[in-house]
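Q: If you use the working numbering, the sequence shown corresponds to residues 30 to 438, in order.
Beta carbons: idealized from backbone N, C-alpha and C, even for Gly.
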Amino acid sequence: MIPLFGKAISIESKIDSALSLLSKDKIACESLSLQILQEAKNTQNSFGLVKSNYILGYLKKSEGDYGKSVIYYLEGIRYAESAEYPEANKDLVNLLQNSGIIFKRFGNYSLAKEYYQKAMNVASLDEDIEKYTHLIYLTSMVLKEEGKYAEATALLESTFSNFNLISKKTIANIYNQIGLISIRANDWESAKINFDKLLDFVKNEEKLFKKYTTRAFHNLGNVYFDQGNYDDAIANYKMALELKHQFSHKSESIFITSKDIGESYLLAGNYDSAIHYLKIAETHYEQSKNTSNYYELFKFIGLVAKAQGNINLYTEYQDLYASSLENYLKEQQKVEATDKKYNLDLITQRYFALVAEQERNQQIQYYSAVGGSFLVTLIVLIIAFFQYRKYRLRKDLEASLKPYIKSAL
30 MIPLFGKAIS IESKIDSALS LLSKDKIACE SLSLQILQEA KNTQNSFGLV
80 KSNYILGYLK KSEGDYGKSV IYYLEGIRYA ESAEYPEANK DLVNLLQNSG
130 IIFKRFGNYS LAKEYYQKAM NVASLDEDIE KYTHLIYLTS MVLKEEGKYA
180 EATALLESTF SNFNLISKKT IANIYNQIGL ISIRANDWES AKINFDKLLD
230 FVKNEEKLFK KYTTRAFHNL GNVYFDQGNY DDAIANYKMA LELKHQFSHK
280 SESIFITSKD IGESYLLAGN YDSAIHYLKI AETHYEQSKN TSNYYELFKF
330 IGLVAKAQGN INLYTEYQDL YASSLENYLK EQQKVEATDK KYNLDLITQR
380 YFALVAEQER NQQIQYYSAV GGSFLVTLIV LIIAFFQYRK YRLRKDLEAS
430 LKPYIKSAL
């Protein structure tokens, strides 16, 4: 239980206490942050207003309550823009960035880019090259989703003008991201070049080597797979898998690479090797969170069984595939279909409209998540966000199998 603080304890000290609780006790952290927010409102303490809204926004985001998170972030941004404490600009950049991340998550790319750009403007004024570069990286991810591959790549490549001023981890991320964008654009040579650059860049950096070599080899496998070059795809996937075992990667990661090796062998017509790696994947799938790949695994094992003449096993795994897909689709049908872009626009427009109305009436009040019709009105608009999961369109089972069924089957 959080003790009540006396007046002698500063808001700065209370913020420190809230931050220390962030990773230990989120319930206590939220309770204390709400207390700080109320005190900061009463005393018009800009540091407390920005920090408490930031912490509460972070907590709600971690809970998956993105609507409330956005509201807290917007409140924090409004206060940070006029705050004068030493790290106000740094907090403003982070609030803008985190808002952009939520907007991107819900497909509102215009708002995401707008808030990333605002954050970049502040970071540029503070000459924070590392943060500025990270925001470029985040913006490139939005451009990739919009299909603006050349623009995204050019933006990332512009960061190399500050090559010696940004962290090695950031450089590794940029090489990897350019490679991923190149795959999307079917620019295989560019993808290979950048994944090779990534491998060369991290080879003498132990921590980066463990993290990025597996990514690079797996992504190179994807490049060759998409080109139909299954031998080279398998070689790179196997290198990634060997390193994942060596570095004790999680089952999720091992599952994905094993499945991709099995699929590659399946398409190459090597059914014995295919079933070997698909069965390895099956031993890890229960620990995996990437549920969309479960269906593929069952499908591939069934196809190998059919190719080997094991009709009973084929039927068993096709039934597993069909039932798993059906269960997933039923789960998705429970999620209300909403136009997320409209809702995000509505939230931000309504928020600032209410702020403007309050200012015109000279009755500016700031409300917490547990009280006040201001936030309650906004929160009603974003209930659909609470359980958001991307909707997967249903595909006909037999149609989904056709690309994998050769005449030999």
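1) Tell me whether Ser52 sits in a helix, a strand or coil according to DSSP, three-state version.
2) Between Leu121 and the rest of its own chain, which residues show a CB-CB distance below 7 Å, the 5 nearest in sequence each way excluded?
3) Taking Leu63 as the reference, give the member of Lys43, Ser49, Lys53, Gly136 with the closest Cα.
4) In chain order, what residues of the same chain lie with their CB nearer than 8 Å to the CB of Gln391, ignoring the 5 residues before and after it?
5) Considering only the beta carbon of each residue, do Leu295 and Phe329 sit closer than 8 Å?
6) Going by the CB atoms, is the gap between Tyr102 and Asn127 shorter than 8 Å?
7) Is it buried or exposed for Thr286, if we count other Cβ within 10 angstroms and need 16 for buried?
8) Give the C-beta separation of Leu227 and Ala214 to the nearest angstrom, bearing in mind that I take them to be a contact with Cβ-Cβ under 8 Å.
9) How about Asn248 and Phe224: are their beta carbons less than 8 Å apart?
10) When the Cα atoms are used, what is the spatial distance from Glu159 to Phe189?
11) Residues in the same chain with beta-carbon distance under 6 Å from Leu172, minus the five sequence neighbours each way, listed in chain order, please.
12) Runs of 4 residues minimum, wholly inside the segment 152-222: which ones carry the alpha helix (DSSP H) assignment?
13) When we look at the beta-carbon of Phe132 and count the other beta-carbons within 10 Å, is it buried (16 or more) or exposed?
14) With DSSP collapsed to three states, give me the class of Gln347.
15) Is the beta carbon of Tyr266 closer than 8 Å to that of Ile290?
16) Is Ile340 helix, strand or coil by DSSP?
17) From Asp260 to Leu342, what distance separates their C-alpha atoms?
18) Taking 8 Å as the limit between beta carbons, can you name the residues of its chain near Ile212, skipping five residues before and five after?
19) Measure how close the beta-carbons of Tyr166 and Leu185 come, nearest whole angstrom, since I'm counting them as under 8 Å.
20) Roughly how many angstroms lie between the CA atoms of His163 and Gln146, to the nearest whole one?
21) For Asp94, count neighbouring Cβ atoms within 10 angstroms of its own Cβ and tell me buried if that reaches 16, exposed if not.
22) So, under 8 Å CB-CB, Ile283 and Lys273 are touching, yes? Tell me the CB distance rounded to an integer number of Å.
23) Does Ile38 come out as helix, strand or coil in the three-state DSSP assignment?
24) How far does the alpha helix (DSSP H) with Ala112 in it extend, from its first residue to its last?
25) So the alpha helix (DSSP H) Lys240 belongs to, where does it begin and stop?
26) Quick check: Leu51 and Leu61, are their CB atoms within less than 8 Å of each other?
27) Around the C-beta of Ser187, are 16 or more other C-beta atoms found within 10 angstroms, so that it is buried, or is it exposed?
28) Using CA atoms only, rank isn't needed, just tell me which of Ser169, Lys198, His278, Ile130 is closest to Tyr87.
29) Using CA atoms only, rank isn't needed, just tell me which of Leu48, Phe238, Gly77, Ile56 is closest to Ser39.
30) When the distance is taken between beta carbons, is Tyr306 closer than 8 Å to Ser353?
31) Under three-state DSSP, which class holds Gly77?
32) Please tell me whether Tyr300 and Gln275 are closer than 8 Å, where the distance is taken between their beta carbons.
33) DSSP on Ser277, reduced to helix/strand/coil?
34) Taking the straight line between their C-alpha atoms, what separation do you get for Tyr114 and Glu235?
A: Looking at the atomic coordinates:
1) For the purposes of this step, residue 52 is taken as residue 23 along the sequence shown, with counting starting at 1. Three-state DSSP puts Ser52 in coil, outside helix and strand.
2) Taking the first residue of the sequence shown as position 1, residue 121 is located at position 92. Within the same chain, Leu121 has close Cβ partners Ile106, Ala109, Glu110, Val151.
3) Within the sequence shown, residue 63 is the residue found at index 34, counting from 1. Of Lys43, Ser49, Lys53, Gly136, the residue nearest in Cα terms is Lys43.
4) Here residue 391 corresponds to residue number 362 of the sequence shown, with the count starting at 1. For Gln391, the predicted model reports a pLDDT of 45, less than 50, meaning its position is unreliable; a value from the coordinates is still stated below. Hits under 8 Å: none found.
5) Locating residue 295 in the sequence shown gives position 266, counting from the first residue. Locating residue 329 in the sequence shown gives position 300, counting from the first residue. Result yes, Cβ atoms of Leu295 and Phe329 sit closer than 8 Å.
6) What you label residue 127 is simply residue 98 of the sequence shown in a count that begins at 1. What you label residue 102 is simply residue 73 of the sequence shown in a count that begins at 1. For Asn127 and Tyr102, yes; Cβs fall inside 8 Å.
7) Walking along the sequence shown from the start, residue 286 turns up at place 257. Burial call: buried.
8) Counting from one through the sequence shown, the residue named residue 227 turns up at place 198. Counting from one through the sequence shown, the residue named residue 214 turns up at place 185. Not quite, the Cβ-Cβ distance comes to about 17 Å (not below 8 Å), so this is no contact.
9) Walking along the sequence shown from the start, residue 248 turns up at place 219. Walking along the sequence shown from the start, residue 224 turns up at place 195. Yes, the Cβ-Cβ distance between Asn248 and Phe224 is below 8 Å.
10) One-based indexing of the sequence shown puts residue 159 at position 130. One-based indexing of the sequence shown puts residue 189 at position 160. Distance between the alpha carbons of Glu159 and Phe189: 12 Å.
11) Walking along the sequence shown from the start, residue 172 turns up at place 143. Result list for Leu172: Glu180, Ala181, in chain order.
12) 158-174, 178-186, 197-213
13) Numbered from 1 along the sequence shown, position 103 holds the residue referred to as residue 132. Flag for Phe132 reads buried.
14) Indexing the sequence shown from 1 puts residue 347 at position 318. In the structure shown, Gln347 sits in a helix (DSSP, three-state: H, G or I).
15) Stepping through the sequence shown from its first residue, residue 290 is reached at position 261. Stepping through the sequence shown from its first residue, residue 266 is reached at position 237. Contact: yes.
16) Taking the sequence shown and counting its residues from 1, one reaches residue 340 at position 311. The answer is helix: DSSP assigns Ile340 an H, G or I state.
17) Mapped onto the sequence shown, residue 260 falls at position 231. Mapped onto the sequence shown, residue 342 falls at position 313. Cα to Cα, Asp260 sits roughly 27 Å from Leu342.
18) Mapped onto the sequence shown, residue 212 falls at position 183. Excluding positions up to five away in sequence, the list reads Ala220, Asn248, Asn251, Val252, Asp255.
19) Locating residue 166 in the sequence shown gives position 137, counting from the first residue. Locating residue 185 in the sequence shown gives position 156, counting from the first residue. That pair is a contact at about 7 Å.
20) Here residue 163 refers to the residue found at position 134 of the sequence shown. Here residue 146 refers to the residue found at position 117 of the sequence shown. Looking at the two C-alpha atoms, the distance is approximately 12 Å.
21) Along the sequence shown, read from residue 1 onward, the residue named residue 94 stands at position 65. With 16 or more Cβ atoms within 10 Å of its Cβ, Asp94 is classed as buried.
22) Position 254 of the sequence shown holds residue 283. Position 244 of the sequence shown holds residue 273. That belief holds up - the Cβ atoms of Ile283 and Lys273 are roughly 5 Å apart, short of 8 Å.
23) The sequence position of residue 38 within the sequence shown is 9, counting from 1. In the structure shown, Ile38 sits in coil (DSSP, three-state: anything other than H, G, I, E or B).
24) By 1-based counting over the sequence shown, the position of residue 112 is 83. Neither: Ala112 is in no alpha helix (DSSP H) and is coded neither H nor E.
25) On the sequence shown, position 211 is the one that residue 240 refers to. Segment 235-255, the alpha helix (DSSP H) holding Lys240.
26) As a working mapping, residue 51 is identified with position 22 in the sequence shown. As a working mapping, residue 61 is identified with position 32 in the sequence shown. No, they are not a contact pair.
27) Here residue 187 refers to the residue found at position 158 of the sequence shown. Ser187 should be labelled exposed.
28) Here residue 87 corresponds to residue number 58 of the sequence shown, with the count starting at 1. Nearest C-alpha to Tyr87: Ile130.
29) Position 10 of the sequence shown, counted from the first residue, corresponds to residue 39. That would be Gly77, whose Cα lies nearest to the Cα of Ser39.
30) Counted from its first residue, the sequence shown places residue 353 at position 324. Counted from its first residue, the sequence shown places residue 306 at position 277. No, the Cβ-Cβ distance between Ser353 and Tyr306 is not below 8 Å.
31) Here residue 77 is taken as the residue at index 48 of the sequence shown, counted from 1. Three-state result, Gly77: helix.
32) Here the question's residue 300 lines up with position 271 in the sequence shown. Here the question's residue 275 lines up with position 246 in the sequence shown. Not a contact, by the Cβ cut-off of 8 Å.
33) Sequence index remark: in the sequence shown, residue 277 carries index 248 (1-based). Three-state result, Ser277: coil.
34) The residue given as residue 114 occupies position 85 in the sequence shown. The residue given as residue 235 occupies position 206 in the sequence shown. Looking at the two C-alpha atoms, the distance is approximately 39 Å.
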